[in-house]
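Enquirer:
There are 2 protein chains.
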Amino acid sequence: MAYRETAKVRDRKALTEQRILQASHELVAEAGFAALQMNQVAQRAGIATGSLYRYFANKETLAAEVFRQATEIEVDHVRRCLQQADSCALSRLEHALQTFAERALKAPKLAWALIAEPVDPAVDQQRLHYRLQYANLFACAVQQAIDDQLIPQQDPMLSSTAMVGAIAEALIGPLAQQAQDPTHAITHTITQFCVRGLAPFRYSVTGASL
Amino acid sequence: MAYRETAKVRDRKALTEQRILQASHELVAEAGFAALQMNQVAQRAGIATGSLYRYFANKETLAAEVFRQATEIEVDHVRRCLQQADSCALSRLEHALQTFAERALKAPKLAWALIAEPVDPAVDQQRLHYRLQYANLFACAVQQAIDDQLIPQQDPMLSSTAMVGAIAEALIGPLAQQAQDPTHAITHTITQFCVRGLAPFRYSVTGASL
DNA sequence: ACAAAGAGTGAATCACGGTTCACTTTTTCA
DNA sequence: TGAAAAAGTGAACCGTGATTCACTCTTTGT
Chain A
79 MAYRETAKVR DRKALTEQRI LQASHELVAE AGFAALQMNQ VAQRAGIATG
129 SLYRYFANKE TLAAEVFRQA TEIEVDHVRR CLQQADSCAL SRLEHALQTF
179 AERALKAPKL AWALIAEPVD PAVDQQRLHY RLQYANLFAC AVQQAIDDQL
229 IPQQDPMLSS TAMVGAIAEA LIGPLAQQAQ DPTHAITHTI TQFCVRGLAP
279 FRYSVTGASL
Chain B
79 MAYRETAKVR DRKALTEQRI LQASHELVAE AGFAALQMNQ VAQRAGIATG
129 SLYRYFANKE TLAAEVFRQA TEIEVDHVRR CLQQADSCAL SRLEHALQTF
179 AERALKAPKL AWALIAEPVD PAVDQQRLHY RLQYANLFAC AVQQAIDDQL
229 IPQQDPMLSS TAMVGAIAEA LIGPLAQQAQ DPTHAITHTI TQFCVRGLAP
279 FRYSVTGASL
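Quick mapping for you: the protein sequence lines, in order, are chains A and B. Counting in our numbering, the first sequence runs from 79 upward without gaps. Counting in our numbering, the second sequence runs from 79 upward without gaps.
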């Protein structure tokens, strides 16, 4: 036996894998999973098509991993918003929604790919998994708000899903008109819509928010 | 010239075209536009693959027509709800949302295909067109409610889009758990979420709806 | 320096599904 | 009835894009 993987090789392989994932991420962010084509990925990563298959068993696996990483980042952002301990559950939720909305609006193709684009069973399963994480995060905040009697009793999961849907549709749906209003105004409006949906009785008759 | 299309032939052709559209509609309703494959359509319609092309120039055209017809039906349902003159704008809107939600929940695959599934440019353009009709209908009701001072000033189009998104996501998104609650309860809940999103100050402190 | 083992390559292959077209069948009318 | 015109057929064709594989290049330990 005259060969055993050494650190140098391991590092190079790790680097190549990173380049593959990076290239894939770029393609998806630019034009969705439909643009994730094996020789495009290879070309952008600077390797041969065949080499891809030394790193990922098949396209499904690669796509699922790209999806997983991308969603992880998004979920982390939202989680961080919800962990700030310096305000009430409802404000934190509002902040998280706003972040979610702003990030979606800044990278609409990516957001669409993660939220809605159908790909294949493996990715759809990943999507389900991370969707659950998302929904759980929001739902958890909703539950806290309920416990704190800031909003009335309701199914937190359903509300959470509805809020994600409202934001997604308004910002990246087919009718999302590009930047008629400035970014911040539009995300604020839609966030307010969501929060009001949860919490009718915390708002005064003049409609002023918390 | 020893041939000119006669009534008999015309009728038969019309019938065949109907069968093609019917078969296509079934396939889409069962598994989305991805299942709209030319030889599947032909088989279900009981004709040869080649014959399809005597009726539709290509798949794009067929898909667009299937989409158009299906959406027309849905839009009509909603329009009818909004035309009832016997109640206030907000009640009508609520009724329309409820109808939209119930129909989506009963045929989720079809709803998904019409609302979200990406197909091809021709269909996407149709989608944009009918989405606009949809949004306009809801937005019109929202505007009326604003004029009647039932809800505060807001961008009716944005609210309308958000409501459609909330319903779609909650009912047919990847997290749409099948029938945990009875149909009516779930559509009612989500409808209420939407209406509250519009109209904070019409609700009393107890959270009772109009 | 050499041989074993893995890593890298990219042209060839394969699967899938839309489209075509040479052919058959049906319809119409003189 | 016969010939023109159209309708119907389905196997062959084609483009696209994932996957394979026979080959070359690198790396490693003796």
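We put the beta carbon where it would ideally sit given N, CA and C, even for glycine. Remember, predicted model here, so these are calculated numbers, not experimental data.
Measure how close the beta-carbons of Ile245 (chain B) and Phe178 (chain B) come, nearest whole angstrom, since I'm counting them as under 8 Å.
Expert: On the second sequence, position 167 is the one that residue 245 (chain B) refers to. On the second sequence, position 100 is the one that residue 178 (chain B) refers to. So it is a contact: roughly 6 Å between Cβ atoms.
Enquirer: In whole angstroms, what separates the C-alpha of Gln204 (chain A) from that of Gln176 (chain B)?
Expert: Here residue 204 (chain A) is taken as the residue at index 126 of the first sequence, counted from 1. Here residue 176 (chain B) is taken as the residue at index 98 of the second sequence, counted from 1. Taking the straight line joining both Cα atoms gives about 31 Å.
Enquirer: Given that a residue counts as buried once 16 or more other Cβ atoms are within 10 Å of its Cβ, and exposed if not, what is Asp233 (chain B)?
Expert: Position 155 of the second sequence, counted from the start, is the residue given in the question as residue 233 (chain B). Buried, since its Cβ has 16 or more Cβ neighbours within 10 Å.
Enquirer: Distance, Cα to Cα, Thr94 (chain A) vs Gln115 (chain A)?
Expert: The count along the first sequence starts at 1 and reaches residue 94 (chain A) at position 16. The count along the first sequence starts at 1 and reaches residue 115 (chain A) at position 37. Roughly 17 Å separates the two Cα atoms.
Enquirer: Provide the residue span of the alpha helix (DSSP H) that contains Thr84 (chain A), from first to last.
Expert: Locating residue 84 (chain A) in the first sequence gives position 6, counting from the first residue. That residue, Thr84 (chain A), is in no alpha helix (DSSP H); it is neither H nor E in DSSP.
Enquirer: Would Gly285 (chain B) pass as an interface residue toward chain A - the criterion being a Cβ-Cβ separation below 8 Å?
Expert: What you label residue 285 (chain B) is simply residue 207 of the second sequence in a count that begins at 1. Per-residue confidence for Gly285 (chain B) stands at a pLDDT of 38, beneath the threshold of 50, marking its modelled position as unreliable; the derived number appears in the next sentence. Chain A, which has a Cβ nearer than 8 Å to the Cβ of Gly285 (chain B), makes this yes.
Enquirer: Residues of chain A with CB closer than 7 Å to the CB of Thr239 (chain B), please, in chain order.
Expert: In the second sequence, the residue the question calls residue 239 (chain B) occupies position 161. By Cβ distance, chain A contributes Glu247, Ala248, Gly251 and Leu253.
Enquirer: Check the Cβ-Cβ distances between Gly124 (chain B) and every residue of chain A, and say whether any is below 8 Å.
Expert: The residue given as residue 124 (chain B) occupies position 46 in the second sequence. Not one chain A Cβ lies under 8 Å of Gly124 (chain B).
Enquirer: Contact check, Leu236 (chain B) vs Ile268 (chain A) under 8 Å by CB: the rounded distance?
Expert: Here residue 236 (chain B) refers to the residue found at position 158 when the second sequence is read from its first residue. Here residue 268 (chain A) refers to the residue found at position 190 when the first sequence is read from its first residue. Leu236 (chain B) to Ile268 (chain A), Cβ: 7 Å. Contact.
Enquirer: Let me confirm a value: Val197 (chain B) is counted as buried when at least 16 other C-beta atoms fall within 10 Å, else exposed. Which label applies?
Expert: Position 119 of the second sequence holds residue 197 (chain B). With 16 or more other Cβ atoms within 10 Å, it is buried.
Enquirer: Return the chain-ordered list of same chain residues with a C-beta closer than 6 Å to the C-beta of Ser282 (chain B), the five sequence neighbours on each side being excluded.
Expert: Within the second sequence, numbered from 1, the residue matching residue 282 (chain B) stands at position 204. Confidence at Ser282 (chain B) is low in this model, with a pLDDT of 36, below 50, so its placement is unreliable and the value that follows should be read with caution. So no residue of the chain qualifies.
Enquirer: Taking C-alpha atoms, which residue in A:Ala109, A:Ser102 and A:Gly110 lies nearest to Asn117 (chain A)?
Expert: Here the question's residue 117 (chain A) lines up with position 39 in the first sequence. Ranking the options by Cα distance to Asn117 (chain A), first place goes to A:Ser102.
Enquirer: Taking only beta carbons into account, state which residues of the stretch 183-200 of chain B come closer than 7 Å to chain A, listed in chain order.
Expert: For the stretch 183-200 of chain B, which is checked against every Cβ of chain A, the residues closer than 7 Å are Ala194, Glu195 and Pro196.
Enquirer: Any beta carbon from chain B within less than 8 Å of Asp233 (chain A)'s own beta carbon?
Expert: Taking the first residue of the first sequence as 1, we reach residue 233 (chain A) at position 155. Output row for Asp233 (chain A): interface = yes.
Enquirer: So for Val273 (chain A), helix, strand or coil by DSSP?
Expert: Counting from one through the first sequence, the residue named residue 273 (chain A) turns up at place 195. Val273 (chain A) falls in the helix class under three-state DSSP.
Enquirer: Cβ of Arg97 (chain B) within 8 Å of Cβ of Gly124 (chain B)?
Expert: Counting from 1 along the second sequence, the entry for residue 97 (chain B) is found at position 19. Counting from 1 along the second sequence, the entry for residue 124 (chain B) is found at position 46. Result yes, Cβ atoms of Arg97 (chain B) and Gly124 (chain B) sit closer than 8 Å.
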